[in-house]
Amino acid sequence: MVYVEEYNGNPQAEFDELTKTVKKTSVLSSKWSSFSTGFIALFSSVFLPQGYPYTVTSDYLQYQIWDTIQAFASSLSGALSTSAVLRGVGVGNESATVLAASLTWLLKDGTGMVGRIIFAWAKGSALDSDCKRWRLVADILNDLAFFIELLSPHLPRIFFAPLACAASLFRSIVGVAGGATRTAITRHQARRENLADVAAKDGSQETLVNVFSLIISLILLPLVDGRHELVWTLFVLFTGVHLGANYRAVRALHLDTLNQSRLAIAVRQFIADRTVPKISEANEREPLFEQVTGPRHYGCQIQKTLGDDSGLFKLDNFSTIRFDQRRNEGWISLETSATPDNQLESAFCLEYRAFANKWPETKQIADFRAKMKAIGWNLSSHQLSFDEWRYRVKGE
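Under full-length UniProt numbering, the first residue of the sequence shown carries the number 1, and numbering increases by one thereafter.
Written out as structure tokens, the structure is:
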């Protein structure tokens, strides 16, 4: 009996059970075989998810390349700032006391702990829906923290503790926002229910980068010790590389689920010419800092939606929607039986009303869904940040 071996649906080889021989059957097999030999095969198995590139999204490689560059630059900036912090707490200063340094360090850590809790409470839900924005914000704050730490030793000692606390506060936001958005991005990249594998290999890649940056830092720090102009020059260089690579990384992401901005972009195009944007087009047009729309209150209390009788719309008895044209503000309240599909349809109706100045018909909702699905958009889930308020009519 002859068996045809396939990898991700592509024929790779034929195995003859009788003669125990293997025959290559495709050019792809030959390329894959050469790719999988020696050091490259080892590197792939250690640092890339199993089954790469078939088990991850098409934007995986480009994103990881830019993410690696930014991580390397950030690690080098971190080495420069760590040296400055140690000098600021008194390392090498005979007049500094252990108690003063310890108290400063504890205050710094305590500020960071409080900051993590407050930021997670204030912005936790936004980290899923706007992961690209907060990924970039996190790295900007990280560089700002490095800047403060580098600056602090050059100011009077009375300013060191407040500046150290401010840097720790910024870095606490970085920790929450960076970790949460990394999870959201990893979930997007994992195509075979392999989120843990993708996350683990991402951690391995980051560790490898940190090892290389550690080696460079061991060489670099003795060379720049006491040369403040060179330290600042290198910091500006590393910061530029870090922010530039981060921008390219988040722009490389082609998220296939809808958040508020991507939905608004898709609805606008649908209204204009009855077409919808490709996933790559919508992501490229998505702004990273400003909002495409006005305020939207998804899943709010019914009393807020019915606070004004003007601009009301009921969608098949599973949602009540209101839009204020003057303030470009919208509210959506959901009935208790509303599903994620109903949430998406309600949000579509709200954006349609905002841009077309009229409510959509049922056939337009179905047409929009069909066209979005046809070009690969994932409508089985969304990132529209609906709250959990629901309503039902008493007695029903």
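Backbone N, C-alpha and C fix where the C-beta goes; we use that ideal spot for every residue, glycine too.
query, result
"Could you tell me the alpha carbon to alpha carbon distance between threonine 104 and leucine 127, rounded to whole angstroms?", "31 Å"
"If you draw a straight line from the alpha carbon of glutamine 260 to that of alanine 354, how long is it in whole angstroms?", "13 Å"
"Suppose contacts are defined by Cβ-Cβ distances below 8 Å. Is leucine 163 in contact with serine 172 by that definition?", "no"
"If you pair each beta-carbon of the region 273-284 with each one of the region 200-213, do three or more pairs fall below 8 Å?", "no"
"Pick helix, strand or coil for serine 168, following the three-state DSSP scheme.", "helix"
"What residue range does the alpha helix (DSSP H) around tryptophan 331 cover?", "Careful: tryptophan 331 lies outside any alpha helix (DSSP H), inside the beta strand (DSSP E) at 329-335."
"In the structure shown, what three-state DSSP assignment does glycine 299 receive?", "coil"
"Have a look at proline 134 and alanine 13 and give me their C-alpha separation to the nearest angstrom.", "Inspection of the sequence shows that residue 134 is occupied by tryptophan rather than by proline. Rounded to the nearest angstrom, the two C-alpha atoms are 46 Å apart."
"With distances taken between CB atoms, is the gap from serine 333 to serine 319 smaller than 8 Å?", "yes"
"Taking the alpha carbon of arginine 191 as the point to measure from, which residue in Ala338, Gln50, Tyr391 and Glu345 has its own alpha carbon closest?", "Gln50"
"Measuring straight from C-alpha to C-alpha, what distance separates aspartate 256 and aspartate 59?", "11 Å"
"Ordered along the chain, which non-local residues of its own chain (more than five positions away) have a Cβ less than 7 Å from that of residue 403?", "Here the chain has residues from 1 to 396 only, and residue 403 is not among them."
"Out of curiosity, what's the CA-to-CA distance linking aspartate 341 and tyrosine 298?", "14 Å"
"Taking Cβ to Cβ, would you say threonine 186 is nearer than 8 Å to alanine 167?", "no"
"State yes or no: is the beta carbon of valine 393 nearer than 8 Å to at least one beta carbon in chain C?", "As a matter of chain content, chain C is missing from the structure shown, which is built from one protein chain."
"Contact defined as beta carbons within less than 8 Å: I believe serine 204 pairs with valine 46. What is the distance between those atoms, to the nearest angstrom?", "6 Å"
"In chain order, what residues of the same chain lie with their CB nearer than 7 Å to the CB of isoleucine 148, ignoring the 5 residues before and after it?", "Leu163, Ala166 and Ala167"
"Per DSSP, isoleucine 321 is paired with what?", "Phe313 and Ile332"
"Could you spell out where the alpha helix (DSSP H) holding lysine 373 opens and where it closes?", "362-374"
"When the Cα atoms are used, what is the spatial distance from tryptophan 32 to tyrosine 3?", "A caution first: tryptophan 32 carries a pLDDT of 48, below 50, which makes its placement in the model unreliable, though a value can still be read off. Their Cα atoms are separated by approximately 19 Å."
"Is the distance from the Cβ of leucine 169 to the Cβ of glycine 110 below 8 Å?", "no"
"Quick one: what's alanine 190 bridged to in DSSP?", "Val56"
"Determine, using beta carbons only, whether leucine 136 and serine 81 come nearer to each other than 8 Å.", "no"
"With DSSP collapsed to three states, give me the class of asparagine 357.", "coil"
"Would you please state the rounded distance, in angstroms, between the beta carbons of valine 209 and threonine 339? I believe it to be under 8 Å.", "That pair is no contact at about 42 Å."
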